[in-house]
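Structure first, then comments.
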Amino acid sequence: MVRIAHFSDLHYGPKNLTEADRCFGAAIDMAMAADVQAAVLSGDSTDHALDLHSPAAERLVAQVRRLTDHCPVLMLQGTYSHEPPGTLSIFKSLGGRYPVQVADQIGQVALMPNGGWQVSEGWRFDVLPTGLMALFSCVPTVNKAAVVATVGAGAAAEAVGEHLASLLAGFAESHRRAQALAVPSIGVSHGTVFGCLSEHGVPMAGFDHEFTTGALFAAEAQAFMLGHIHRHQAWDCEGRQGQQRIAYAGSIGCFHYGEDGDKGWLLWEVYTSSAVCTLQPTPARRTVDIVFDGKPDLETLRDAVAQQDVAGAFVRVRWTVADEDRHAVNREAIQQALGTAAEVKLEGRIVPVVRTRAAGISQLDSLEQKVVAWAQATGVTDAPMLACLAELSEAQPGEIADRVLDNR
9 MVRIAHFSDL
19 HYGPKNLTEA
29 DRCFGAAIDM
39 AMAADVQAAV
49 LSGDSTDHAL
59 DLHSPAAERL
69 VAQVRRLTDH
79 CPVLMLQGTY
89 SHEPPGTLSI
99 FKSLGGRYPV
109 QVADQIGQVA
119 LMPNGGWQVS
129 EGWRFDVLPT
139 GLMALFSCVP
149 TVNKAAVVAT
159 VGAGAAAEAV
169 GEHLASLLAG
179 FAESHRRAQA
189 LAVPSIGVSH
199 GTVFGCLSEH
209 GVPMAGFDHE
219 FTTGALFAAE
229 AQAFMLGHIH
239 RHQAWDCEGR
249 QGQQRIAYAG
259 SIGCFHYGED
269 GDKGWLLWEV
279 YTSSAVCTLQ
289 PTPARRTVDI
299 VFDGKPDLET
309 LRDAVAQQDV
319 AGAFVRVRWT
329 VADEDRHAVN
339 REAIQQALGT
349 AAEVKLEGRI
359 VPVVRTRAAG
369 ISQLDSLEQK
379 VVAWAQATGV
389 TDAPMLACLA
399 ELSEAQPGEI
409 ADRVLDNR
């Protein structure tokens, strides 16, 4: 059995730095306390390209360096927009007690008893290294642009899925050989499984996703550790090689409002014929959404605050109002009502006023005719307006004002 810490989607960057570093630091502490034998980071360790002198890069390097003093680390290439090719190269030179293996190409790596990594020359080992502790088959993010250039945009999605399915099935032979040697086998990849749930609870269904659970199980690895989707979820299968499990670790912290589920990392125990994993929650920030169909009502807002603890939470208030009421929203009062929150984000949606023009109205001779034409175009009764127009034409301004005041 090998015990592995599986981290994913750290998204270090200026915007996420506080959340990412607090959660990843806590996760490393827990992983070391659990005495894991290896650590896997399954992609998107950065949120975008980072300068090496930036605070986010400095903190990520420091945390991974701390992890390498405890165990060997495998880092997988993630989404290119988050982790441009070459971003992870710096981690090869950290100089910790144990090495970092950067998996930016399809291939296999073996975890050796001395804590080192042995890398296959091709996409898989022809002969498994002697004495290996665990076998990792790595499938980093697929460059879909290269596939599009080869087969065309229309066939790219289908081609990616077919090639990945063939590749995963090709790993099965190595995994069976590892099992015969009583060595656990683990798959690591970054992508979308058809039918998985996003962090907002939306099923990811479509033809442009990289994997199906069937294709992943066909690799016949005991464990398959995935990154990219920020929600933890898992699938199990009883195969001919024993019990198999696929799992997303989810993101290390809460980076967006409205996310479902706990955030954390996975503690894996991988055997030669089974694998189990448990989510270890991190101290991710707490988010609260308060939504109004119309103008925000302060009494309703205060009731919502009384019913749920917003102290220290990140609160988003959303509302929808007509264009003419946009300035009636008291933003300052909302901020005051949520004074104990760590952050308050106000999002108002403005519904524009739709004005209807009556064709040819400017060509009519009299104002009365124009009022009648406008009333017909807008579907309102013209009699009250015509009466008011007649009064304006005949009465003195003072008389009209006196009548209005008398009515009040």
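All letters in the sequence shown, in the order written, are residues 9 to 416 by my numbering. No residue lacks a Cβ here, since even glycine has one placed at the ideal position from N, Cα and C. For clarity, every value in this text was computed on a predicted model and none was experimentally measured.
Item: Is it buried or exposed, Asn24, if we count other Cβ atoms within 10 angstroms and call 16 or more buried?; Value: buried
Item: Would you kindly report the start and end of the unbroken beta strand (DSSP E) that includes Lys353?; Value: Glu351 to Val359
Item: Identify the continuous beta strand (DSSP E) that holds Val127 and give its terminal residues.; Value: Trp125 to Val127
Item: Taking C-beta to C-beta, are Val284 and Val325 nearer than 9 Å?; Value: no
Item: If you check the beta carbons only, do Thr87 and His236 fall under 9 Å apart?; Value: yes
Item: List the whole-angstrom C-beta distance separating Val72 from Val81, where the pair is believed to meet the contact cut-off of C-beta under 8 Å.; Value: 6 Å
Item: For Val159, which residues of its own chain have a beta-carbon under 6 Å away from its beta-carbon, when the five flanking residues on both sides are left out?; Value: Only weak support is given to the placement of Val159: the predicted model assigns it a pLDDT of 44, under 50, and the value that follows is read from those uncertain coordinates. Closer than 6 Å at the Cβ level, and outside the excluded window around Val159, lie Ala167.
Item: Per DSSP, which one or two residues make a beta bridge with His198?; Value: Gly235
Item: Are His183 and Leu143 touching if we call contact CB-CB under 9 Å?; Value: yes
Item: Just to confirm my understanding: we take Leu49, look at its own chain, exclude 5 residues before and 5 after, and list those with CB closer than 6 Å. What are they?; Value: Phe15 and Met83
Item: With a floor of 4 residues, list each alpha helix (DSSP H) that falls wholly inside the stretch 52-116, ordered by position along the chain.; Value: 63-76
Item: Return the first residue and the last residue of the alpha helix (DSSP H) that Val313 is part of.; Value: Leu306 to Gln315
Item: Are the beta-carbon atoms belonging to Thr54 and Tyr20 less than 9 Å from one another?; Value: yes
Item: Rounding to the nearest angstrom, what Cα-Cα distance links Gln343 and Ser259 in this structure?; Value: 29 Å
Item: For the alpha helix (DSSP H) that Leu394 lies in, which residues bound it at each end?; Value: Ala391 to Glu402
Item: Within 10 angstroms of the Cβ of Ala157, are there 16 or more other Cβ atoms? Answer buried if so, exposed if not.; Value: Unreliable positioning characterises Ala157 in this predicted model, as indicated by a pLDDT of 48, which lies under 50. The coordinate reading is nonetheless provided below. Under this definition Ala157 is an exposed residue.
Item: Mind checking Gln109: buried by the 16 CB within 10 Å criterion, or exposed?; Value: buried
Item: Please report how far the alpha carbon of Thr308 lies from the alpha carbon of Cys262, in whole angstroms.; Value: 27 Å
Item: Can you find the residues in the same chain that come closer than 7 Å, C-beta to C-beta, to Glu218, ignoring five residues on each side of it along the sequence?; Value: Val150, Val168, Gly169, Leu172, Gly199 and Thr200
Item: So which of Asp59, Arg67, Asp43 and His90 has the shortest CA-CA distance to Asp29?; Value: Arg67
Item: Quick one: any contact between the stretch 246-253 and the stretch 201-215, if contact means 3 or more CB pairs under 8 Å?; Value: no
Item: In the DSSP assignment, find the beta strand (DSSP E) that holds Ile369 and state where it starts and stops.; Value: Counting along the chain, Ile369 falls outside any beta strand (DSSP E), and DSSP gives it neither H nor E.
Item: With distances taken from CA atoms, which of Gly103, Gly130 and Gly104 is nearest Ala111?; Value: Gly130
Item: If you follow the alpha helix (DSSP H) that Asp342 is part of, which residue opens it and which one closes it?; Value: The sequence given here has Ile at residue 342, not Asp. From DSSP, the alpha helix (DSSP H) with Ile342 extends over Arg339 to Ala345.
Item: Return helix, strand or coil for Val10, following the three-state DSSP convention.; Value: strand
Item: Measuring straight from C-alpha to C-alpha, what distance separates Val278 and Met9?; Value: 5 Å
Item: Which class does Trp382 belong to by DSSP, given the choice of helix, strand or coil?; Value: helix
Item: Quick one: Cα of Ser127 to Cα of Val117, how far?; Value: The sequence given here places Val at residue 127; Ser does not occur at that position. Val127 and Val117: Cα-Cα distance of roughly 4 Å.
Item: Is it buried or exposed for Cys396, if we count other Cβ within 10 angstroms and need 16 for buried?; Value: exposed
Item: Please go through the same chain and pick out, in chain order, the residues whose beta-carbon is closer than 8 Å to the beta-carbon of Ala223, but skip the five residues on each side of it.; Value: Gly169, Leu172, Ala173, Leu176 and Ala177
Item: Would you tell me roughly how many angstroms separate the C-alpha atoms of Cys245 and Asp52, rounded to the nearest one?; Value: 27 Å
Item: Are the Cβ atoms of Gln230 and Ser145 separated by less than 9 Å?; Value: no
Item: Using the beta-carbon count (16 or more within 10 Å), is Lys100 buried or exposed?; Value: exposed
Item: Under a three-way DSSP split, which group does Ile36 fall into?; Value: helix
Item: Just curious, the alpha helix (DSSP H) that Gly222 is in, first and last residue?; Value: Thr221 to Phe225
Item: Going by DSSP, what residues sit across from Val278 in a beta bridge?; Value: Val10 and Ala283
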